[in-house]
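**Q**
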Amino acid sequence: MQPQNLPRNLRLLLGKYRSLAEGAHDIGINRQQLNKYLNGSSFPSARTLQRIATTLGVDIDVLLADPAQAKQALEAQTASPSPIEAAMQSAYSASLDRLIREEGTLKAYCGDYLCWHRTAISDAYIHASLIRIYQKDRKTYAKSLIAIRRDGQPSHGIKTYVHDSHIFLNAGCLHLVRMSHLASGETDLGLMILKLPRLPSEKTLHGHTLTTSIHVSGNIVPSKVIMRKVTAPPLQIFRRHCGAWRLDDLHTEKDIRAEFSAGMYVE
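First residue of the sequence shown? That's 1 in UniProt numbering, and the numbers climb one at a time after it.
Quick look at the structure:
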């Protein structure tokens, strides 16, 4: 180890910075002082030398080593990730692992669902809609299935209305966050939280939903919500079930009507 090796090794190690000024700032010294170390007119104190080595991620021995040894140490340092890079890689891997596990869990909930909740028009009605949960690019989404109407009747096939909806798991519940862009220019924001069933064979999910209009102050509609997986053709389901129905209308299944009571949005 020779002090005269410091200028060359230091310049070599500072090559990772965009400028010498940036390197000096990172070390905690001014540019003029760094220049003195680089041209050999001054040698840092033991404390400053340690700070330089720590900042550059090498031992003091490397700073003073033969240039060939210093270059070899630099190449080894470049090949291995920095602590920050290692932490970022670890966090990314953990996030990817969680995404893969969640993707597998959520796959069981993909399919078409009848969704019942209270309407904003009147709490004397239950609104039934058709929702499809699906996966794309390792993420889980939801979209509405709407009948194409002819002469006002839902008899001309099914089209999809894609919300900006994302589904994820949290605290043992299925969360559906929805943002719908309406033709009126408003944006409806909705949150649906559903308890996961105890058994995989259960086809009905229970929870609550909260819908609000971003542009209309105070327009918040909370409601109990029930989602039940269906397997019949979507158009058949839409014709038979979708729409707004009175609480006492026998058109809605008895067990669904029993879940809602008049006079309350949320139970």
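Each residue gets a CB set at the ideal place from its N, CA and C atoms; glycine is no exception.
(1) Could you have a look at residue 209 and say whether DSSP puts it in helix, strand or coil?
(2) Who are the near neighbours of residue 31 in its chain, counting only those whose CB is closer than 8 Å to its CB and skipping five residues on each side?
(3) On a CA-only basis, which of 258, 140 and 17 is nearest residue 102? Give me that one, please.
(4) When you compare the CB positions of residue 56 and residue 63, do they come within less than 9 Å of one another, or not?
(5) For residue 251 and residue 235, what's the separation of their Cα atoms in angstroms?
(6) Of the choices 167, 129 and 116, whose alpha-carbon is the least far from that of residue 138?
(7) I'd like the list of long-range same chain contacts for residue 47, defined as Cβ closer than 6 Å, with 5 residues on each side in sequence excluded.
(8) In angstroms, rounded to a whole number, what distance separates the CA positions of residue 10 and residue 17?
(9) Spatial neighbours of residue 230 within its chain, please: C-beta separation below 7 Å, excluding the five flanking residues on both sides.
(10) Quick one: what's got a C-beta closer than 8 Å to residue 125's C-beta in the same chain, skipping five residues either side?
(11) Which whole-angstrom value is the C-beta distance of residue 256 and residue 226, which I expect to be below 8 Å?
(12) Compute the beta-carbon to beta-carbon distance between residue 209 and residue 191, rounded to the nearest angstrom, for a pair I have assumed lies under 8 Å.
(13) Please classify residue 28: does DSSP put it in a helix, a strand, or coil?
(14) Mind checking whether the beta-carbon of residue 63 lies closer than 8 Å to any heavy atom of the ligand COA?
**A** Checking against the coordinates, here is how it stands:
(1) Taking the first residue of the sequence shown as 1, we reach residue 209 at position 209. Correct three-state label for residue 209: strand.
(2) Position 31 of the sequence shown, counted from the first residue, corresponds to residue 31. Excluding its 5 nearest sequence neighbours in each direction, residue 31 has C-beta neighbours in its own chain below 8 Å: 20, 21 and 24, listed in chain order.
(3) Here residue 102 corresponds to residue number 102 of the sequence shown, with the count starting at 1. Residue 102 has its Cα closest to that of 140, out of 258, 140 and 17.
(4) Locating residue 56 in the sequence shown gives position 56, counting from the first residue. Locating residue 63 in the sequence shown gives position 63, counting from the first residue. Cβ distance < 9 Å, so residue 56 and residue 63 count as in contact.
(5) Your numbering for residue 251 matches position 251 in the sequence shown. Your numbering for residue 235 matches position 235 in the sequence shown. Using only the alpha carbons, I get a separation of about 17 Å.
(6) Walking along the sequence shown from the start, residue 138 turns up at place 138. Looking only at 167, 129 and 116, the smallest Cα-Cα distance to residue 138 is reached by 167.
(7) Translated into positions along the sequence shown, residue 47 becomes position 47. Beyond the five residues adjoining it in sequence on each side, residue 47 comes within less than 6 Å, by CB distance, of no other residue in the same chain.
(8) Residue 10 sits at position 10 when you count from the first residue of the sequence shown. Residue 17 sits at position 17 when you count from the first residue of the sequence shown. One C-alpha to the other measures close to 12 Å.
(9) Looking up residue 230 in the sequence shown gives position 230. Taken in chain order, the residues that qualify are 112, 113, 114 and 237.
(10) Residue mapping note: residue 125 aligns to position 125 of the sequence shown, counting from 1. Only 118, 119, 244, 245, 246 and 247 meet the Cβ criterion.
(11) Indexing the sequence shown from 1 puts residue 256 at position 256. Indexing the sequence shown from 1 puts residue 226 at position 226. Right, their Cβ atoms sit about 6 Å apart.
(12) On the sequence shown, residue 209 is found 209 positions in, with the first residue counted as 1. On the sequence shown, residue 191 is found 191 positions in, with the first residue counted as 1. Correct: roughly 7 Å between the Cβ atoms.
(13) As a first step, residue 28 is located in the sequence shown; it is residue number 28 there, counting from the start. Note: residue 28 maps to coil in three-state DSSP.
(14) For the structure depicted, the ligand COA is absent and the ligand set is empty, with no information on it obtainable.
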